[in-house]
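Residue numbers (my numbering): -4 to 262.
Beta carbons are placed, not taken as given, at the ideal position from N, Cα and C, and that holds for glycine.
All values derive from a computational prediction rather than experimental measurement.
Report on one structure; see the data block that follows.
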């Protein structure tokens, strides 16, 4: 995404929200103009919710992630073994721990989450998860109960404003997947929306391929896009527990919002 398009987005959302999320698909640490993006947010008094796997975290990025524009930094630790299943995570975790320890001193107001989201069963059942959990416990001198069920508890306070966040894995929705149901609700377009790198506005962060393109930032104002017929039809559907879009009918994340979609063929 170009700086001009990003600046246009921030100028329009600044009156609507206090926070933007650097996340949808891909790691924001790879963006060649990340420093400029952060400064644009800071100039508009918009805070940043940042999501990264931390693999590219080095001294330059460590300094940037201490910028006052950041409200929360999330490290998706599960991504390490997803990408490097046979590598030792020691150096990787040491860099993240070093940043976190420095942030506790220089940015005590900053929230940091260590995410473990590749958990199929109750937390700690996979050896890779146990390894990372053990390293976190050792570094911060806390005991982490490996028997906590992720279905009932989603986070553990580690120290100061550092939390361990865990959950079960989900499948990215795709139009190639079978329909799960036509009933359900979602926070898409009510609490958030997404903007892809090409300026396409989508209803949520799970629409990484732009299956539900609601409009282009370069062509019309954000509020006009959100007030458009396709977006409003989705919002009305969610209010009445109807999934009007094909992608939503194939989204497993719907079940996390408290209402499981009614399966086809069932009454």
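Shown here, residue 14 sits in a strand according to DSSP, grouped into three states.
For residue 152, the uninterrupted beta strand (DSSP E) run begins and ends at 150 to 154, by DSSP.
Here the alpha carbons of residue 159 and residue 86 stand approximately 19 Å from one another. Contact between residue 26 and residue 92 is absent: CB atoms are separated by about 24 Å, not below the 8 Å threshold.
With contacts defined as CB atoms closer than 8 Å, residue 194 and residue 213 qualify as a contacting pair. Annotation: the continuous alpha helix (DSSP H) that includes residue 231 extends over 224 to 234. In this structure, DSSP gives residue 126 a helical state, which the three-state scheme calls helix. According to DSSP, residue 160 shares a beta bridge with 110 and 150.
Inclusion of residue 221 and residue 205 in the CB contact set at 8 Å is not warranted, their separation being larger than that value. The residue from 5, -3 and -4 with its alpha-carbon nearest to that of residue 218 is 5.
For residue 42, the uninterrupted beta strand (DSSP E) run begins and ends at 42 to 47, by DSSP. For residue 188, no alpha helix (DSSP H) encloses it, and the DSSP letter there is neither H nor E. By the criterion of at least three beta-carbon pairs nearer than 8 Å, the stretch 4 to 21 is in contact with the stretch 36 to 49.
Taking C-alpha positions only, residue 52 is separated from residue 235 by approximately 44 Å.
Taking residue 225 as reference, the option from 183, 13, 245 and 55 with the minimal CA-CA separation is 183. CA-CA distance, residue 149 to residue 97, rounds to 25 Å. Around the Cβ of residue 12, a 10 Å sphere holds fewer than 16 other Cβ atoms; the residue is exposed. Here residue 48 is near residue 22, since their CB atoms are less than 8 Å apart.
Per DSSP, residue 66 lies in no alpha helix (DSSP H); the unbroken beta strand (DSSP E) holding it starts and ends at 65 to 71. Per DSSP, residue 25 lies in no alpha helix (DSSP H) and is assigned neither H nor E. Buried is the label assigned to residue 73, since at least 16 other Cβ atoms lie within 10 Å of its Cβ. Under the three-state reduction of DSSP output, residue 197 falls in the strand class.
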